[in-house]
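Position one of the sequence shown corresponds to residue 167 (the numbering used here), numbered consecutively onward. We treat Cβ as the ideally placed atom computed from N, Cα and C, and that holds for glycine.
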Amino acid sequence: MIYDLPSGYSIVFIPKNGSSSVKAALDWDYENPPPKQEWHNRLFIPEENKGKLVAILRDPVERFLSCCAFLNERAGKRVYSFDVKTYMAFHGNYPIKFMDWHMRKQMDFIQNPDWFAKLYFISEIGEFFADHSLGKVEHRNRTRNEARFEPTQEVIDFVHDKYKEDYELIASLKPKHRTL
(Lines of atoms letter the chains of each structure in order from A and count residues from 1; the text may use other names and numbers.)
(Lines give C-alpha, C1' and ligand atoms only; values in the text may rest on other atoms or scores of the structure.)
Protein backbone atom coordinates (compact mmCIF):
# COMPACT_ATOMS: atom_id res chain seq x y z
CA MET A 1 0.00 0.00 0.00
CA ILE A 2 1.31 3.42 -0.94
CA TYR A 3 0.28 6.62 0.81
CA ASP A 4 1.33 10.19 -0.01
CA LEU A 5 3.11 11.99 2.83
CA PRO A 6 3.01 15.74 3.53
CA SER A 7 6.69 15.93 2.50
CA GLY A 8 5.89 15.09 -1.13
CA TYR A 9 7.24 11.57 -0.81
CA SER A 10 5.10 8.44 -0.68
CA ILE A 11 5.46 5.71 1.91
CA VAL A 12 5.18 2.05 1.07
CA PHE A 13 3.63 0.50 4.16
CA ILE A 14 5.13 -2.85 5.13
CA PRO A 15 3.06 -4.69 7.76
CA LYS A 16 4.70 -4.97 11.20
CA ASN A 17 7.28 -2.26 10.37
CA GLY A 18 5.96 0.74 12.30
CA SER A 19 2.91 1.29 10.10
CA SER A 20 0.57 1.88 13.05
CA SER A 21 2.87 4.62 14.41
CA VAL A 22 3.04 6.33 11.01
CA LYS A 23 -0.71 6.00 10.49
CA ALA A 24 -1.34 7.52 13.94
CA ALA A 25 0.80 10.54 12.98
CA LEU A 26 -1.27 10.88 9.80
CA ASP A 27 -4.55 10.66 11.78
CA TRP A 28 -5.35 7.53 9.79
CA ASP A 29 -9.01 6.58 9.79
CA TYR A 30 -9.11 2.78 9.88
CA GLU A 31 -12.85 2.80 9.26
CA ASN A 32 -12.49 4.95 6.11
CA PRO A 33 -8.99 4.41 4.73
CA PRO A 34 -7.68 6.74 2.04
CA PRO A 35 -8.48 5.89 -1.58
CA LYS A 36 -4.87 4.95 -2.41
CA GLN A 37 -5.21 1.87 -0.23
CA GLU A 38 -4.30 -1.31 -2.12
CA TRP A 39 -4.29 -3.33 1.08
CA HIS A 40 -5.00 -6.94 0.17
CA ASN A 41 -5.42 -6.63 -3.58
CA ARG A 42 -1.95 -6.45 -5.05
CA LEU A 43 1.44 -4.88 -4.78
CA PHE A 44 1.72 -2.22 -7.41
CA ILE A 45 4.02 0.77 -7.60
CA PRO A 46 2.90 3.31 -10.21
CA GLU A 47 5.61 4.75 -12.44
CA GLU A 48 4.98 8.29 -11.12
CA ASN A 49 5.84 7.20 -7.55
CA LYS A 50 9.22 5.69 -8.43
CA GLY A 51 12.04 7.83 -7.10
CA LYS A 52 9.95 9.50 -4.40
CA LEU A 53 9.25 6.40 -2.31
CA VAL A 54 10.28 5.71 1.26
CA ALA A 55 9.77 2.68 3.50
CA ILE A 56 10.72 1.43 6.94
CA LEU A 57 12.60 -1.87 7.20
CA ARG A 58 12.83 -4.16 10.20
CA ASP A 59 15.09 -7.00 11.25
CA PRO A 60 13.35 -10.14 9.88
CA VAL A 61 13.50 -12.04 13.19
CA GLU A 62 11.98 -9.10 15.11
CA ARG A 63 9.33 -8.73 12.43
CA PHE A 64 8.54 -12.46 12.50
CA LEU A 65 8.08 -12.39 16.29
CA SER A 66 5.87 -9.31 15.98
CA CYS A 67 3.78 -11.06 13.31
CA CYS A 68 3.38 -14.11 15.54
CA ALA A 69 2.33 -11.93 18.50
CA PHE A 70 -0.14 -10.11 16.26
CA LEU A 71 -1.61 -13.35 14.94
CA ASN A 72 -1.79 -14.85 18.45
CA GLU A 73 -3.64 -11.72 19.54
CA ARG A 74 -6.06 -12.07 16.64
CA ALA A 75 -6.67 -15.69 17.61
CA GLY A 76 -7.47 -14.60 21.18
CA LYS A 77 -4.62 -16.66 22.62
CA ARG A 78 -3.14 -15.74 25.94
CA VAL A 79 -0.19 -18.12 25.64
CA TYR A 80 2.29 -16.75 23.16
CA SER A 81 4.54 -19.29 21.54
CA PHE A 82 7.01 -18.57 18.80
CA ASP A 83 8.13 -21.83 17.35
CA VAL A 84 8.01 -22.99 13.77
CA LYS A 85 5.15 -25.42 14.51
CA THR A 86 2.99 -22.54 15.80
CA TYR A 87 3.84 -20.48 12.73
CA MET A 88 2.87 -23.35 10.42
CA ALA A 89 -0.42 -23.78 12.34
CA PHE A 90 -1.27 -20.16 11.50
CA HIS A 91 -1.42 -21.14 7.84
CA GLY A 92 -4.33 -23.46 8.55
CA ASN A 93 -6.24 -21.02 10.76
CA TYR A 94 -6.13 -17.66 8.98
CA PRO A 95 -7.38 -16.53 5.59
CA ILE A 96 -4.52 -16.94 3.16
CA LYS A 97 -4.57 -13.27 2.07
CA PHE A 98 -4.22 -12.18 5.71
CA MET A 99 -1.34 -14.59 6.34
CA ASP A 100 0.32 -13.79 3.06
CA TRP A 101 0.16 -10.05 3.70
CA HIS A 102 1.66 -10.11 7.20
CA MET A 103 4.22 -12.83 6.57
CA ARG A 104 5.40 -11.60 3.16
CA LYS A 105 9.06 -10.80 2.64
CA GLN A 106 9.82 -7.10 2.97
CA MET A 107 11.55 -7.35 -0.41
CA ASP A 108 8.16 -8.16 -1.98
CA PHE A 109 6.97 -4.69 -0.95
CA ILE A 110 10.21 -2.98 -1.97
CA GLN A 111 10.53 -4.82 -5.30
CA ASN A 112 13.42 -2.62 -6.45
CA PRO A 113 15.50 -0.53 -3.99
CA ASP A 114 16.42 1.86 -6.81
CA TRP A 115 12.81 3.12 -6.86
CA PHE A 116 13.25 4.49 -3.31
CA ALA A 117 14.61 7.85 -2.26
CA LYS A 118 15.41 6.32 1.14
CA LEU A 119 14.87 3.11 3.06
CA TYR A 120 14.84 3.70 6.83
CA PHE A 121 15.52 1.10 9.47
CA ILE A 122 13.02 0.86 12.32
CA SER A 123 15.71 2.32 14.60
CA GLU A 124 15.56 5.46 12.42
CA ILE A 125 11.82 6.03 12.85
CA GLY A 126 12.46 9.34 14.65
CA GLU A 127 14.54 10.52 11.70
CA PHE A 128 11.81 9.32 9.33
CA PHE A 129 9.21 11.38 11.23
CA ALA A 130 11.43 14.47 11.18
CA ASP A 131 12.29 14.11 7.46
CA HIS A 132 8.62 13.86 6.50
CA SER A 133 7.12 16.50 8.82
CA LEU A 134 5.13 14.00 10.86
CA GLY A 135 5.84 15.55 14.25
CA LYS A 136 6.70 13.54 17.34
CA VAL A 137 6.94 9.76 17.22
CA GLU A 138 4.30 8.02 19.28
CA HIS A 139 4.76 4.28 19.17
CA ARG A 140 1.43 2.64 18.45
CA ASN A 141 1.65 -1.06 19.13
CA ARG A 142 -1.73 -2.40 18.11
CA THR A 143 -0.84 -5.80 19.58
CA ARG A 144 -1.60 -5.77 23.29
CA ASN A 145 1.21 -8.17 24.14
CA GLU A 146 4.16 -5.96 25.01
CA ALA A 147 6.44 -8.72 26.32
CA ARG A 148 9.75 -9.35 24.61
CA PHE A 149 10.49 -12.87 23.48
CA GLU A 150 13.82 -14.43 22.69
CA PRO A 151 13.71 -16.54 19.53
CA THR A 152 14.96 -20.11 19.59
CA GLN A 153 17.69 -21.18 17.21
CA GLU A 154 15.02 -23.06 15.26
CA VAL A 155 13.10 -19.80 14.72
CA ILE A 156 16.27 -17.90 13.76
CA ASP A 157 17.22 -20.57 11.23
CA PHE A 158 13.68 -20.70 9.84
CA VAL A 159 13.50 -16.90 9.44
CA HIS A 160 16.97 -16.72 7.86
CA ASP A 161 15.89 -19.31 5.30
CA LYS A 162 12.38 -17.91 4.64
CA TYR A 163 13.48 -14.26 4.42
CA LYS A 164 16.82 -14.67 2.64
CA GLU A 165 16.05 -11.81 0.21
CA ASP A 166 15.33 -9.46 3.13
CA TYR A 167 18.71 -10.22 4.66
CA GLU A 168 20.38 -9.59 1.30
CA LEU A 169 18.56 -6.25 0.98
CA ILE A 170 19.54 -5.21 4.50
CA ALA A 171 23.17 -6.26 3.94
CA SER A 172 23.29 -4.18 0.75
CA LEU A 173 22.06 -1.09 2.63
CA LYS A 174 24.20 -1.35 5.77
CA PRO A 175 27.19 0.53 4.33
CA LYS A 176 24.84 3.46 3.59
CA HIS A 177 22.88 3.35 6.85
CA ARG A 178 23.28 2.76 10.53
CA THR A 179 22.70 -0.78 11.67
CA LEU A 180 19.31 -2.13 12.69
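Proximal residues to Q203 (C-beta, below 6 Å), its chain only, five neighbours per side dropped
At Q203 the pLDDT is 48, less than 50, meaning the model places this residue with poor confidence and gives no usable figure here.
Spatial neighbours of P279 within its chain, please: C-beta separation below 8 Å, excluding the five flanking residues on both sides.
Closer than 8 Å at the Cβ level, and outside the excluded window around P279, lie L285, L335, S338 and L339.
D332, enclosing alpha helix (DSSP H) - first and last residue
Note, D332: alpha helix (DSSP H), K330 to L339.
Put T218 into one of helix, strand or coil per three-state DSSP.
In the sequence on display, residue 218 carries Lys and not Thr. If DSSP states are grouped into helix, strand and coil, K218 belongs with coil.
Using only alpha-carbon positions, find the residue among L192, P181, E197 and Y196 that is nearest to A221.
Comparing Cα positions, the closest option is P181.
Report the CB separation of A296 from G217 in whole angstroms; it is logged as a contact under 8 Å.
Cβ atoms of A296 and G217 stay farther apart than 8 Å, at about 21 Å.
Bridge partners of F287, per DSSP?
In the DSSP secondary-structure assignment, F287 is bridged to L223.
Helix, strand or coil at F282 according to DSSP, with G and I counted as helix:
Under the three-state reduction of DSSP, F282 is assigned to strand.
I'd like to check one pair, W281 with L219: are the Cβ atoms closer than 9 Å?
Less than 9 Å separates the beta-carbon of L219 from that of W281.
Which residues does DSSP list as the beta-bridge partners of S169?
One point to set straight first is that residue 169 is Tyr, not Ser, in the sequence displayed. I177, per the DSSP bridge assignment.
Taking the C-alpha atoms as reference points, what is the distance between Q277 and D193?
In this model, Q277 and D193 are separated by some 28 Å (Cα to Cα).
Could you tell me whether any Cβ in chain D is nearer than 9 Å to the Cβ of V325?
Note that chain D does not occur in the displayed structure, where there is just one protein chain.
Please determine, among S187, S176, D225 and A191, the residue with the shortest C-alpha to C-alpha distance to G301.
Checking every option, the nearest Cα to that of G301 belongs to A191.
Tell me which residues share the same chain as T345 and place their Cβ nearer than 8 Å to its Cβ, disregarding the 5 neighbours each side in the sequence.
Confidence at T345 is low in this model, with a pLDDT of 39, below 50, so its placement is unreliable and the value that follows should be read with caution. Same-chain partners within the cutoff: F287 and S289.
Mind checking Q319: buried by the 16 CB within 10 Å criterion, or exposed?
It counts as exposed.
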